[in-house]
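So the structure is just underneath, and the comments pick up after that.
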Amino acid sequence: MQTYKMYLVHLIMAMLPPTRCFALKRSLLRWAGASIGSGVRVVSSARFLLSGKLSIGEGSWIGHDVLIIGGDSTVIVGARVDIAPRVTLITGTHQQFTEKNRAAGIGLSLPITIQDGAWLCACSTILGGTTVGSCCIVAAGAVVIGDTQPYSLVGGIPARKIRNVDPLKP
């Protein structure tokens, strides 16, 4: 991602209607270096503050006040992923105690992958080094670190598997 271009994208998106002009928003994100699939819908208040690769698959929804932030790691959002309002994806973290008497040591960045069909519910947080499995549901307010299984519901802090979900049952 080209951070100076993304700065301009955020300025322009702030002037656009929140849930309109999706084709223009896709074009702007592509111009800044993101890989954006067809039919992706990004709400104007979403923010992308990273220097690594960003990829969003076709038909995905990026909701109000979503924040994707971090360093130079890759963030991959699969196809048909729904990301609800105020979800945060954070690739950045720190090694612990690399300096005497300081818990947050040397900074590092870990990738995040959200596989096809997943649903990240409101105010959930996905931390670096995480893969959210296909069609996994992340409950509202959950904090996910590590991998989740496909077709599961996870929730809590830290998120744990609550149950399997059946795609054939409503």
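Numbering-wise, this note's numbering puts 716 at position 81 of the sequence shown, and it's gapless, one number per residue.
From the three backbone atoms N, C-alpha and C, an ideal C-beta is built for every residue, glycine too.
Subject >> First through last residue of the beta strand (DSSP E) which encompasses residue 684 >> reply: Start and end: 682-684.
**OP:** Would you mind stating whether residue 688 and residue 654 have Cβ atoms separated by less than 8 angstroms?
**Re:** Not a contact, by the Cβ cut-off of 8 angstroms.
Subject >> Outcome for residue 660 when other beta-carbon atoms lying within 10 angstroms are tallied against a minimum of 16 >> reply: By the Cβ neighbour-count rule, residue 660 is buried, with 16 or more other Cβ atoms within 10 Å of its own.
**OP:** Can you tell me which of 804, 771, 662 and 697 puts its alpha carbon nearest to the alpha carbon of residue 723?
**Re:** Among 804, 771, 662 and 697, the Cα nearest to that of residue 723 is on 697.
Original post:
In its own chain, which residues sit with a C-beta less than 8 angstroms from the C-beta of residue 774, not counting the 5 before and 5 after it?
Top reply: Within its own chain, the residues whose Cβ lies closer than 8 angstroms to the Cβ of residue 774, once the five positions on either side in sequence are excluded, are 756, 759, 788, 789, 790, 791, 794 and 797, listed in chain order.
Subject >> Reference residue 656; option with closest CA among 639, 668, 675 and 742 >> reply: Across the set 639, 668, 675 and 742, the C-alpha of 675 shows the shortest separation from the C-alpha of residue 656.
Original post:
Rounded to the nearest angstrom, how far is the Cβ of residue 726 from that of residue 748, given a contact under 8 angstroms?
Top reply: Actually they do not touch by this definition, with Cβ atoms about 11 angstroms apart.
Subject >> For residue 735, the three-state DSSP class (helix, strand or coil) >> reply: Here residue 735 sits in coil by DSSP.
Subject >> Coarse secondary structure for residue 721, derived from DSSP in three states >> reply: It is coil, neither helix nor strand.
**OP:** Quick one: residues in its chain with C-beta nearer than 6 angstroms to the C-beta of residue 782, no 5 flanking neighbours on either side, listed in chain order?
**Re:** Counting only residues of its own chain and dropping the five nearest sequence neighbours on each side, residue 782 has a CB closer than 6 angstroms to the CB of 766.
**OP:** With a floor of 4 residues, list each alpha helix (DSSP H) that falls wholly inside the stretch 737-802, ordered by position along the chain.
**Re:** Taking only runs of at least 4 residues, no alpha helix (DSSP H) segment lies wholly in the stretch 737-802.
Original post:
Starting from residue 662 and walking both ways along the alpha helix (DSSP H), at which residues does that stretch end?
Top reply: Per DSSP, residue 662 belongs to the alpha helix (DSSP H) from 657-666.
Original post:
How about residue 672 and residue 647: are their beta carbons less than 8 angstroms apart?
Top reply: Judged by their CB atoms, residue 672 and residue 647 are not nearer to each other than the 8 angstroms cut-off.
Original post:
Hey, would you say residue 763 sits closer than 8 angstroms to residue 784, going by beta carbons?
Top reply: Not in contact: residue 763 and residue 784 (Cβ atoms no closer than 8 angstroms).
**OP:** Let me know if residue 695 comes out buried or exposed under the rule of 16 or more other beta-carbons within 10 Å of its beta-carbon.
**Re:** With 16 or more other Cβ atoms within 10 Å, it is buried.
Original post:
Looking only at C-alpha atoms, which of 777, 705, 779 and 770 sits nearest to residue 803?
Top reply: Looking only at 777, 705, 779 and 770, the smallest Cα-Cα distance to residue 803 is reached by 770.
Original post:
Just the Cα atoms here: how many angstroms apart are residue 639 and residue 681?
Top reply: Rounded to whole angstroms, residue 639 and residue 681 show a C-alpha spacing of 17 angstroms.
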